[in-house]
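Accompanying notes for the structure given below.
Protein chains: 2
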Amino acid sequence: MPVEKISSLQNPRVKQLVKLRDRRPRDETGVFLVEGYREIRRALEKQVPLRELYFAPEWFLGENEPALLSAAEAAGAQLFELTKEAFAKVAYRERPDGLLGVAPQWKRTLEDVPLTGRAPFLLVVEAIEKPGNLGTILRSADAAGCDAVIVCDPVTDIFNPNVVRASTGVLFSVPLVVEESTRVHAWLHGKGIRTVATTPAAEKLYTDVDLTGPLAVIMGSEQYGLSDFWLKQADLSVRIPMAGQADSLNVAMATIITLFEAVRQRSR
Amino acid sequence: MPVEKISSLQNPRVKQLVKLRDRRPRDETGVFLVEGYREIRRALEKQVPLRELYFAPEWFLGENEPALLSAAEAAGAQLFELTKEAFAKVAYRERPDGLLGVAPQWKRTLEDVPLTGRAPFLLVVEAIEKPGNLGTILRSADAAGCDAVIVCDPVTDIFNPNVVRASTGVLFSVPLVVEESTRVHAWLHGKGIRTVATTPAAEKLYTDVDLTGPLAVIMGSEQYGLSDFWLKQADLSVRIPMAGQADSLNVAMATIITLFEAVRQRSR
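Chains as they are written, first to last, in the numbering used here: chain Y, 2 to 269; chain G, 2 to 269.
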């Protein structure tokens, strides 16, 4: 198929790509941006049906881009070649690599959470504000082998370009559900999954409790910590010991510490 | 003392503050930038002798700034009031809070590492490239209660404004030494401190080795991992189990996981 070339900064597609940085146009159109070689490759690996792929060879950093373009086209994406200047306008990153995809959003529910034969291992995060933190948290959940991440009452859109970026594309592989806290709690309770909340006010250390068996680790938001709802409803509260400044651990760091202690206990 | 007011963007002090974002002018003048309320407060708490403090009330976010200015002046800093526009020019952050300090750099050597009565607990990081990662690593070391962080063969200047920022001012509290790998190894060996290197190629899991006693955890750089030198010289190599994508854990995440497993073992 011949590839359409775009050089005008006034091209409607160029304007639309810039708009997709904001949540409202994303919600209205039901699509989101996937920028960068690694992220696009992972989207393709996970059968995310990229609709469009914009590229500018003058920004390419390596030699594998043509193969990626072919793979995207074979998977059904429409290709558009942009001039260096036009790509600079649509690129979200400071240092673009000449590749920008548009993918359809998806919506997963609690019923989609894969509960396999072994004991479920879930991460629940509440009202995370910073896209970068959410992306890092997704990476941690992936590394720790969580079955899913459940985002309660989100402040951040999971399709924010900074989430895609900070997750290095893990967004495409870790099952991610967005749902209200009350429903999540009822669902976890119904499935017999124990909830362990992390809060600095807890008495018990996270290393002194049993983190094996069906488990959901609950983490609060950056600024406010866990809501009263989860503090009251969680089966157990634990804290991480802190030797230095009170705010040295942010929510992403606290999450990875707790998840890997669970991994340690569960692998015994 | 009357406070000098600066409104011209051509003022030599304004120009000098912009220059201090780069390493060479920092090295030549022996000073560095400390931007933001939290960071400046921590510098003052740790008796870092701020030389100058630039402020612009129009950017202030809270009500505690005047008290901070008084404390800085009492500690010997010269105050300068800037117009909104002049401060926008000198501010390094995207969202400035109207406070920018200039502090003298310091240099600590291995002899300055505080080795108290109990078993030393050190973190050694090699050739870290990203200032944000170095800042996060400093926070982790602070939270874990490390006695010091030793940076070998640095690529990143520890006085880079992004290190100050990402460390949230922990740079002022965690003893930080910059030194060549060979000297660091000889010093650790001489002090009887065991070196445990983290590398994906190791056979043993980090949770299956003894991390109590005199300990230095060794972490490699983002892109290249540990150098051959440390892979050969370390007393022990360990790996972190990885359930997901191979690169889901970056060096800052691997560091905090390893340090907190050491904290767990050492607190028993």
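Yeah, the Cβ is synthetic: ideal placement off N, Cα and C, and Gly gets one too.
For Y:Tyr55, the residue or residues it bridges with in DSSP: Beta-bridge pairing links Y:Tyr55 to Y:Phe81, Y:Leu101.
Whole-number beta carbon distance between G:Ala44 and G:Val35, since they are thought to touch under 8 Å: 5 Å
Proximal chain C residues relative to G:Ser249, where beta-carbon distance stays under 8 Å: Given the protein chain composition of this structure (Y and G), no chain C is represented.
Beta-bridge partners of G:Ala149, as assigned by DSSP: G:Leu123
Anticipated Cβ contact below 8 Å, G:Gly245 with Y:Ser71, distance rounded: That belief does not hold up - the Cβ atoms of G:Gly245 and Y:Ser71 are roughly 27 Å apart, past 8 Å.
Cross-chain neighbours of G:Arg265 in chain Y, by beta carbon under 8 Å: Thr208, Glu262
Against chain Y: residues of the region 67-93 of chain G by CB proximity under 7 Å: none
Own chain partners of G:Thr84 with C-beta closer than 7 Å, once the 5 adjacent residues on each side are dropped: Ser8, Ala57
Given 8 Å, three or more beta-carbon pairs between the region 164-173 of chain G and the region 133-145 of chain G: yes
Pair within 8 Å by beta-carbon distance, G:Glu181 and G:Asp154: yes
Nearest-angstrom beta carbon gap, Y:Leu216 and Y:Phe122 [assumed within contact, 8 Å]: 6 Å
Coil, strand or helix - G:Lys233 by DSSP: Residue state, collapsed to three classes: helix.
DSSP-derived helix/strand/coil call for G:Phe33: strand
The region 76-94 of chain G touching the region 50-65 of chain G, judged by at least three CB pairs closer than 8 Å: Contact holds: three or more Cβ-Cβ distances are below 8 Å.
Assigned exposure category for Y:His186 - 16 Cβ within 10 Å defines buried: buried
Chain G contacts from the region 233-245 of chain Y (Cβ-Cβ distance under 8 Å): Ile241, Pro242, Met243, Ala244, Gly245
Per-residue burial, G:Gly191 [other beta carbons within 10 Å of its own, 16 or more giving buried]: exposed
Y:Ile7, DSSP secondary structure in three states: DSSP places Y:Ile7 in strand when its eight states are reduced to three.
Residue-level contact to chain Y via CB, G:Met254, 8 Å cutoff: Residue-level contact check: G:Met254 touches chain Y, since one or more beta carbons of chain Y fall below 8 Å from its beta carbon.
Interface residues of chain G facing Y:Ser174 [CB-CB closer than 9 Å]: Gly245, Gln246
As assigned by DSSP and simplified to three states, the class of Y:Ala274: The shown model of chain Y, from 2 to 269, leaves out residue 274 of chain Y, and the question about it has no answer.
Burial state of Y:Ser222 (16 or more Cβ within 10 Å): buried
Contacts that Y:Ile41 makes with chain G (C-beta to C-beta distance below 7 Å): Here the premise fails: no neighbours, minimum Cβ distance about 15 Å.
Under 9 Å from the C-beta of Y:Ala268: neighbouring residues of chain G: Per the sequence shown, residue 268 of chain Y should be read as Ser rather than Ala. By Cβ distance, chain G contributes Leu206, Thr208, Pro242.
Coarse secondary structure for G:Ala247, derived from DSSP in three states: coil
G:Thr199 classed as buried or exposed, judged by whether at least 16 other C-beta atoms fall within 10 angstroms: It counts as buried.
3 or more residues per run - each beta strand (DSSP E) lying fully within the region 170-229 of chain Y: 177-180, 195-199, 216-220
Option in Y:Ile129, Y:Leu237, Y:Ile258 with minimal Cα separation from Y:Asn161: Y:Ile129
Unbroken alpha helix (DSSP H) run spanning Y:Lys47, endpoints: Element bounds for Y:Lys47: n/a, residue is neither H nor E.
The region 117-141 of chain G: positions lying closer than 8 Å to chain Y by Cβ: Cβ proximity to chain Y below 8 Å picks out Thr137, Arg140, Ser141 from the region 117-141 of chain G.
C-beta neighbour in chain G for Y:Ile258, strict 8 Å: yes
G:Val264 beta carbon less than 8 Å from that of G:Leu237: no
Coil, strand or helix - Y:Arg109 by DSSP: coil
Beta-carbon separation (whole angstroms), Y:Val103 vs Y:Arg52, contact threshold 8 Å: The pair is a contact, with the Cβ atoms about 5 Å apart (cut-off 8 Å).
Alpha-carbon spacing of G:Tyr38 relative to G:Pro105, whole angstroms: 18 Å
G:Ser328, buried or exposed, once every other Cβ within 10 Å from all chains shown has been counted against 16: The question about residue 328 of chain G has no answer, for chain G in this structure spans 2 to 269.
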